[in-house]
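Line by line, the protein sequences give chains A and B. Everything in the first sequence is counted per our numbering, starting at 183 for the first residue and increasing by one. Everything in the second sequence is counted per our numbering, starting at 2 for the first residue and increasing by one. Here a beta-carbon is modelled for each residue, glycine too, at the ideal position from N, C-alpha and C. Here is the structure we will look at.
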Amino acid sequence: MPAHDAALAHHFHDASQQRRAAELGMWLFLVTEFMFFGGLFLAYLVYRHWYPKEFALGSHTMDLALGTINTFVLLTSSLTMALSVHAAAASNRRMLILCLWGTIFLGAIFLGIKAYEYHHKYVEHHIPFGGLEFHAQSPHRLGLATFYNLYFLMTGLHALHMVIGIVLMLVLVVLAYRGGLLGPRSIIVHNSGLYWHFVDLVWVYLFPFFYLIAARGGGHG
Amino acid sequence: MSAAHEHPGSAAHGEHHPQASVYYVVFAALLVLLAVTVGVAQFDLGPLNFFVAALIATTKALLIMLFFMHVRYSPPLIWLVAFAGFAWLAILFAFTLADYLTR
Numbered sequence: 183m184p185a186h187d188a189a190l191a192h193h194f195h196d197a198s199q200q201r202r203a204a205e206l207g208m209w210l211f212l213v214t215e216f217m218f219f220g221g222l223f224l225a226y227l228v229y230r231h232w233y234p235k236e237f238a239l240g241s242h243t244m245d246l247a248l249g250t251i252n253t254f255v256l257l258t259s260s261l262t263m264a265l266s267v268h269a270a271a272a273s274n275r276r277m278l279i280l281c282l283w284g285t286i287f288l289g290a291i292f293l294g295i296k297a298y299e300y301h302h303k304y305v306e307h308h309i310p311f312g313g314l315e316f317h318a319q320s321p322h323r324l325g326l327a328t329f330y331n332l333y334f335l336m337t338g339l340h341a342l343h344m345v346i347g348i349v350l351m352l353v354l355v356v357l358a359y360r361g362g363l364l365g366p367r368s369i370i371v372h373n374s375g376l377y378w379h380f381v382d383l384v385w386v387y388l389f390p391f392f393y394l395i396a397a398r399g400g401g402h403g
Numbered sequence: 002m003s004a005a006h007e008h009p010g011s012a013a014h015g016e017h018h019p020q021a022s023v024y025y026v027v028f029a030a031l032l033v034l035l036a037v038t039v040g041v042a043q044f045d046l047g048p049l050n051f052f053v054a055a056l057i058a059t060t061k062a063l064l065i066m067l068f069f070m071h072v073r074y075s076p077p078l079i080w081l082v083a084f085a086g087f088a089w090l091a092i093l094f095a096f097t098l099a100d101y102l103t104r
């Protein structure tokens, strides 16, 4: 038996086994998340097939510049997250805290831009629920309402995952300041990183599906 | 890349980790793909627009999974779990779309 150390739970043979078990558990959770968002993406594809014209019209009302900036912000946050995991494994506490703050900061910018976009949709009367005034011409009304419902449902659930991710990162920052999460205990950062990257991955599909669905150039770009 | 292929021997470092430079390269590739997908969307390719966007998104997703999520450096069990998840999703998509797209 290996000498007992505080980072090793007694029901594991060694730290490597404990680590692999934790990582496997996280992946099983993420697979359920893939399924969860997968169902929504399937609904999107079916409705897009039913209302191709309305989905094109709807995507033209999205702010492509803000969507592109937000994608850039989120991809950058995935880089800082990956570097956090790297720093934790290498027991580099200063770098870990710096990268975690960077991830939190970029996640907050993403949510801020998203909130601005939601507000813009509210001002434009593009919200088809909640008893709000919804502006759309009659032949396309149902299809456009479907597009905006899916937009708010899917990006809203994504934003909820972002909020959870930021709370998770704040907890990690506190633990890191207390000197935890380093070396053999870095699996917590690793698994939190898996979650953060998964949320990024969902956005990688949301962005083209809602912002880039139809050509904007009109012929020659 | 020697660190990436180290075997989990010692308990404290029982994990595969790439060098940090790998993350910067992947990040740069993701930004290039973002520029390409936004650029392509400016041209009217008919139904191809959607497939190009989906293809680029899937390339980005693979880069994120393989490198940022360490699947590339993970034991076969993780590969199996990730692959199984996508296999079931593929069944869901294939049979549902086989119905709706052929009506």
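Whole-angstrom Cβ separation of residue i and residue j, contact assumed at under 8 Å?
i	j	result
A:Ala290	A:Cys281	The Cβ separation is near 15 Å, so there is no contact.
A:Leu364	A:Ile370	No, A:Leu364 and A:Ile370 are not in contact; Cβ-Cβ is about 10 Å, not under 8 Å.
A:His379	B:Phe69	5 Å
B:Thr38	A:Leu394	6 Å
Ignore the nearest five residues each way along the sequence and tell me which others in residue i's own chain have a CB closer than 7 Å to its CB.
i	result
B:His14	Unreliable placement is indicated for B:His14, whose pLDDT of 43 sits below 50; the coordinate value is still reported in the next sentence. So the list is empty, once near-sequence residues are dropped.
A:Thr258	Leu288
A:Pro310	Phe316, Ala327, Tyr330 and Asn331
Just to make sure I have the definition right: I need the residues of chain B whose C-beta is within less than 7 Å of the C-beta of residue i. Which are they?
i	result
A:His379	Ile65, Phe69 and Met70
A:Trp209	Ile79, Val82 and Ala83
A:Arg202	Pro76
A:His231	Tyr101 and Leu102
A:Ser260	Ile65 and Phe69
A:Leu227	Leu98
Could you check if residue i is buried or exposed, using at least 16 other CB atoms within 10 Å of its CB as the buried criterion?
i	result
A:Leu326	buried
A:Ser260	buried
A:Ala264	buried
B:Trp80	exposed
A:Gly240	buried
A:Thr262	buried
A:Thr214	exposed
B:Leu22	Checking the sequence shown, residue 22 of chain B turns out to be Ser, not Leu. That one is exposed.
Looking at chain B, is there any beta carbon in it that lies within less than 8 Å of the beta carbon of residue i?
i	result
A:Tyr387	yes
A:Leu363	no
A:His307	no
A:Gly289	no
A:Asp245	no
A:Ser320	no
A:Gly220	yes
A:Phe292	no
A:Leu383	yes
A:Thr328	no
A:Leu376	yes
A:Thr250	yes
A:Leu282	no
Name the chain A residues that come within less than 7 Å of residue i, Cβ to Cβ?
i	result
B:Ala21	Leu265 and His268
B:Thr38	Pro390 and Leu394
Excluding the 5 residues flanking residue i on each side, which residues of the same chain have their C-beta closer than 8 Å to its C-beta?
i	result
B:Thr60	Leu34
A:Leu222	Leu332, Leu335, Met336 and Leu339
Taking 8 Å as the CB-CB cut-off, is residue i touching chain A?
i	result
B:Val105	One cannot answer for residue 105 of chain B here, as it falls past the ends of chain B, which runs 2 to 104.
B:Phe51	yes
B:Phe94	yes
B:Leu98	yes
B:Ala54	yes
B:Ala30	no
B:Ala88	no
B:Glu7	With a pLDDT of 42 at B:Glu7, under the threshold of 50, the modelled position of this residue cannot be trusted, and the question is left open.
At a cut-off of 7 Å, would you count residue i as near the ligand ADP, judging by its Cβ distance to the nearest heavy atom?
i	result
A:Ile286	As far as ligands go, the structure on display features none, and thus does not contain the ligand ADP.
Identify the contact partners of residue i in chain B, using a Cβ-Cβ distance below 8 Å as the criterion.
i	result
A:Thr253	Leu35
A:Glu205	Ser75 and Ile79
Starting from the beta carbon of residue i, find every residue of chain E whose beta carbon is closer than 8 Å, and list them in chain order.
i	result
A:Phe216	Annotation note: the requested chain E is absent from the structure, which comprises protein chains A and B.
Which residues in the same chain have their Cβ closer than 6 Å to the Cβ of residue i, if we skip the five residues on either side of it in sequence?
i	result
B:Glu7	With a pLDDT of 42 at B:Glu7, under the threshold of 50, the predicted position of this residue should be treated as unreliable, and no value is reported.
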